[in-house]
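Asks:
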Amino acid sequence: MNRTAAITAVGHFLPEDRLTNADLERMVDTNDEWIRSRTGIRERRILRDPDKATAYMATEAARELLDKRGLGPEDIDLILVATVTPDMVFPATACLVQDALGAQCWGFDIEAACSGFLYALTTGAKFIESGKHERVLVIGADTMSRIIDYTDRTICVLFGDGAGAVLLEPDTEGYGLLDSVEYIDGSGEPFLNMKGGGSLHPATHETVEQRLHYARQEGRQVFKNAVVGMADAAVEIMERGGLTADDVRYLVPHQANLRIIDATARRMGLPEDKVMLNIERYGNTTAATLPLCLHDWEAELKRGDNLVLAAFGGGFTWGASHIRWAYDGADVARSYLGEAVVAQ
Ligand code: UT7
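All residue numbers for the sequence shown refer to this note's numbering, where the first residue is 21 and numbers rise by one.
Shown next, in the form of structure tokens:
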């Protein structure tokens with residue numbers, strides 16, 4: 021059988037501090053009812069420590085993963101970090117993570133906004149499938165709070181901070197990443213971007229005065245494209261794999277808006293209980309949403325489960341992938357967290 025890339029471990033990091041809808045009501049002209057009905061979000065996590073950023077969260081997620089898998093940093097061949105909030109323009113966050121972990125490998129960042137983790141997964145899988153590498157760390161991490169304007173109600177209610185990581189290892193029994201589709205459409209640039217700090221608008225007093233160092237979004241335009249793009253890609257991956265709704269154990273959707281997720285699930289013919297949802301607790305963590313879902317549902321996942329991952333984000337970027345899950349998550353959860361925690 022072909023050599024595929026299977027996810028063999030999952031790690032995560034979430035900052036302790038919570039920003040609730042009630043907190044936001046005190047900051048901008050918004051209300052809990054609007055936020056919950058339009059997005060599905062109740063609270064988000066915020067990394068407050070100014071000395072820590074994306075590399076820190078990514079490293080913590082990687083450490084948890086290595087611990088769970090019983091591996092050390094020396095076992096990693098390649099580190100891919102999907103992020104739109106790197107610690108700095110360069111060096112890549114992957115370099116900072118490698119150094120913090122004490123790994124001896126190579127790596128690079130992938131910038132595809134909310135689709136970043138999906139793209140990084142496909143990229144990492146190629147290095148396993150080709151036989152070049154045995155263990156690839158794929159991390160999705162974003163400190164969105166550092167690029168959000170907390171005076172702009174149209175965007176500040178949406179995002180949160182977090183990181184998730186998966187380990188890819190070879191499989192020859194038909195498990196792992198079996199297929200993927202990816203798309204970009206740069207004509208979406210005006211609707212979701214952060215213009216300041218790049219080579220077109222390097223940081224100046226003027227760019228800061230114009231608040232170009234913050235992300236901005238025309239929500240309605242992005243919404244229209246996201247509903248179509250995410251659902252189309254998810255349905256396409258089902259058709260390519262000959263999967264019916266019954267065959268799919270979970271949709272693992274990017275967590276930008278509950279209504280986009282519901283529309284995607286409906287197009288796939290999936291009932292609610294087959295959809296991973298944690299937007300309520302974390303908001304949109306950009307590249308971290310998919311691995312955070314995998315982390316939260318790990319204990320439920322069984323070897324052989326078909327997962328459809330789907331995302332849509334700035335660029336525009338979007339895609340979907342089909343993973344046949346490679347291990348019984350309950351076993352990992354039991355040995356890592358202890359029986360008491362799993363039973364809860
Ligand atoms: O993850 C990357 C990809 N991003 C996405 O997929 C996000 C896609 N877009 C969305 O999720 C939705 O468009 C939003 C949640 C951002 C906005 O929801 P919407 O239903 O599209 O609202 P809207 O932008 O059409 O605004 C409706 C109204 C406006 O007022 P008027 O013009 O009708 O008087 C807004 O000014 O809601 C107002 N509004 C708010 N009201 C209270 C906008 N933000 C807020 C707010 N609180 N936070």
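Positions of the beta carbon are idealized from the N, C-alpha and C atoms, including for glycine.
Given a cut-off of 8 angstroms on the beta-carbon distance, is the pair Trp338 and Gly262 in contact?
Replies: Sequence index remark: in the sequence shown, residue 338 carries index 318 (1-based). Sequence index remark: in the sequence shown, residue 262 carries index 242 (1-based). No; because the gap between Cβ atoms is not below 8 angstroms, this pair is not in contact.
Asks: Whose C-beta lies closer than 7 angstroms to the C-beta of Asn213 among residues of the same chain, with five residues either side of it excluded?
Replies: Counting from 1 along the sequence shown, the entry for residue 213 is found at position 193. Within the same chain, Asn213 has close Cβ partners Arg236, Gly334.
Asks: By the DSSP assignment, the beta strand (DSSP E) with Trp338 in it spans what residues?
Replies: The residue you call residue 338 lines up with position 318 of the sequence shown. First-last of the beta strand (DSSP E) with Trp338: 337-344.
Asks: The beta strand (DSSP E) that contains Thr24, what's its start and end?
Replies: Counting from 1 along the sequence shown, the entry for residue 24 is found at position 4. Here the beta strand (DSSP E) through Thr24 covers 24-33.
Asks: Closer than 7 angstroms: is that where the CB of Gly334 sits relative to any heavy atom of ligand 1?
Replies: Locating residue 334 in the sequence shown gives position 314, counting from the first residue. Yes; taking the cut-off as 7 angstroms, the Cβ of Gly334 has a heavy atom of ligand 1 nearer than that.
Asks: For Phe128, write down the residues that DSSP places opposite it in a beta bridge.
Replies: Locating residue 128 in the sequence shown gives position 108, where the first residue counts as 1. DSSP output for Phe128 lists Leu100 as bridge partner(s).
Asks: Measure the C-alpha to C-alpha separation of Glu226 and Gly216 and round it to an integer number of angstroms.
Replies: The residue labelled residue 226 in the question sits at position 206 within the sequence shown. The residue labelled residue 216 in the question sits at position 196 within the sequence shown. Each residue's alpha carbon lies about 10 angstroms from the other.
Asks: Please name the residue in Gly208, Phe137, His221 whose C-alpha comes closest to that of Ser200.
Replies: Sequence index remark: in the sequence shown, residue 200 carries index 180 (1-based). Answer by Cα proximity: Phe137.
Asks: Can you tell me whether Thr163 is helix, strand or coil according to DSSP?
Replies: The count along the sequence shown starts at 1 and reaches residue 163 at position 143. In the structure shown, Thr163 sits in a strand (DSSP, three-state: E or B).
Asks: Pairing CB atoms from the region 321-332 with CB atoms from the region 174-188, are three or more of them under 8 angstroms?
Replies: no
Asks: Should Leu86 be listed as close to ligand 1, given that the test is whether its C-beta is under 7 angstroms from any heavy atom?
Replies: Residue mapping note: residue 86 aligns to position 66 of the sequence shown, counting from 1. The answer is no for Leu86.
Asks: Is it the case that the CB of Gly54 approaches a heavy atom of ligand 1 more closely than 7 angstroms?
Replies: Start at 1 with the first residue of the sequence shown, and residue 54 comes out as number 34. Looking at the sequence shown, residue 54 is not Gly but Trp. Taking the Cβ of Trp54 as the reference point, at least one heavy atom of ligand 1 falls within a distance shorter than 7 angstroms.
Asks: If I measure Cβ to Cβ from Asp49 and keep anything under 7 angstroms in the same chain, skipping five residues before and after, which residues do I get?
Replies: Sequence index remark: in the sequence shown, residue 49 carries index 29 (1-based). For Asp49, where only same-chain residues beyond five positions count, the Cβ hits under 7 angstroms are Arg173.
Asks: Which parts of the region 152-202 are runs of the alpha helix (DSSP H), unbroken and 4 residues or longer, counting only runs that do not cross its ends?
Replies: Secondary structure remark: continuous alpha helix (DSSP H) runs of at least 4 residues inside the region 152-202, in chain order: 173-176.
Asks: Can you check the region 43-79 for any alpha helix (DSSP H) of at least 4 residues that lies completely inside it and give the ranges in chain order?
Replies: 52-59
Asks: Would you call the CB atoms of Ala308 and Ala283 closer than 8 angstroms?
Replies: In the sequence shown, counting from the first residue as 1, residue 308 sits at position 288. In the sequence shown, counting from the first residue as 1, residue 283 sits at position 263. No, they are not a contact pair.
Asks: Looking at C-alpha atoms only, which residue of Gly60, Ile130, Leu178 is the closest neighbour of Asn304?
Replies: Along the sequence shown, one-based indexing puts residue 304 at 284. Cα-wise, what sits closest to Asn304 is Leu178.
Asks: May I ask you to report which of helix, strand or coil DSSP gives Gly136?
Replies: Within the sequence shown, numbered from 1, the residue matching residue 136 stands at position 116. DSSP places Gly136 in helix when its eight states are reduced to three.
Asks: Rounded to the nearest angstrom, what separates Thr113 and Ala140 at their Cα positions?
Replies: Working through the sequence shown from its first residue, we reach residue 113 at position 93. Working through the sequence shown from its first residue, we reach residue 140 at position 120. For Thr113 and Ala140, the gap between their C-alpha atoms comes out near 14 angstroms.
Asks: Using a Cβ-based criterion (distance less than 7 angstroms to any ligand heavy atom), does Val117 qualify as near ligand 1?
Replies: By 1-based counting over the sequence shown, the position of residue 117 is 97. Checking the Cβ of Val117 against ligand 1 gives no.
Asks: Which residues in the same chain as Ala73 place their Cβ atom closer than 8 angstroms to its Cβ, once the five residues preceding and following it in sequence are excluded?
Replies: As a working note, residue 73 is residue 53 in the sequence shown. Taken in chain order, the residues that qualify are Leu67, Thr105, Asp107, Thr163, Arg166.
Asks: Can you tell which of Pro273, His274, Val255 has the C-alpha that lies nearest to the C-alpha of Ala265?
Replies: Numbered from its first residue, the sequence shown carries residue 265 at position 245. Of Pro273, His274, Val255, the smallest CA-CA separation from Ala265 is found for Val255.
Asks: Which ranges does the alpha helix (DSSP H) cover as unbroken runs of at least 4 residues, wholly within the region 293-336, from first to last along the chain?
Replies: The DSSP assignment places 299-302, 309-317 as complete runs of the alpha helix (DSSP H) inside the region 293-336, in order along the chain (cut-off: 4 residues).
Asks: Under 8 angstroms by Cβ, that's how I've got Thr28 and Tyr347 pegged, so tell me the actual separation to the nearest angstrom.
Replies: Position 8 of the sequence shown, counting from 1, holds the residue named residue 28. Position 327 of the sequence shown, counting from 1, holds the residue named residue 347. About 7 angstroms; that satisfies the 8 angstroms criterion.
Asks: Could you tell me if Ser135 is buried or exposed, where buried requires 16 or more neighbouring beta carbons within 10 angstroms of its beta carbon?
Replies: Counted from its first residue, the sequence shown places residue 135 at position 115. Burial call: buried.
Asks: Does the Cβ of Thr192 have 16 or more other Cβ atoms within 10 Å, making it buried, or fewer, making it exposed?
Replies: Position 172 of the sequence shown, counting from 1, holds the residue named residue 192. With fewer than 16 other Cβ atoms within 10 Å, it is exposed.
Asks: For Arg83 and Asp169, what's the separation of their Cα atoms in angstroms?
Replies: Here the question's residue 83 lines up with position 63 in the sequence shown. Here the question's residue 169 lines up with position 149 in the sequence shown. In a straight line, the C-alpha of Arg83 is about 31 angstroms away from that of Asp169.
Asks: What would DSSP say about Pro291, mapped onto helix, strand or coil?
Replies: Numbered from its first residue, the sequence shown carries residue 291 at position 271. It is coil, neither helix nor strand.
Asks: Hey, how far is the Cα of Asn41 from the Cα of Pro190?
Replies: Your numbering for residue 41 matches position 21 in the sequence shown. Your numbering for residue 190 matches position 170 in the sequence shown. So the alpha carbons of these two residues sit roughly 43 angstroms apart.
Asks: Does the pairing of the region 112-128 with the region 80-96 give three or more beta-carbon distances under 8 angstroms?
Replies: Yes: the two stretches touch, three or more of their Cβ pairs being nearer than 8 angstroms.
Asks: Would you call Lys146 buried or exposed, if buried means 16 or more other Cβ atoms sit within 10 Å of its Cβ?
Replies: In the sequence shown, the residue the question calls residue 146 occupies position 126. That one is exposed.
Asks: Flag Leu312 as yes when its Cβ comes closer than 7 angstroms to any non-hydrogen atom of ligand 1, and as no otherwise.
Replies: Translated into the one-based positions of the sequence shown, residue 312 becomes position 292. No, the beta carbon of Leu312 sits no closer than 7 angstroms to any heavy atom of ligand 1.
Asks: So does Ile280 have its beta carbon nearer than 7 angstroms to some heavy atom of ligand 1?
Replies: On the sequence shown, residue 280 is found 260 positions in, with the first residue counted as 1. At least one heavy atom of ligand 1 is nearer than 7 angstroms to the Cβ of Ile280, so yes.
Asks: Identify the continuous beta strand (DSSP E) that holds Val255 and give its terminal residues.
Replies: Sequence index remark: in the sequence shown, residue 255 carries index 235 (1-based). Premise fails: Val255 lies in the alpha helix (DSSP H), 239-261, not in any beta strand (DSSP E).
Asks: Indicate the three-state DSSP secondary structure (helix, strand or coil) for Arg18 in the structure shown.
Replies: Lying before the first or after the last residue shown, residue 18 is absent from the chain, which here runs from 21 to 364.
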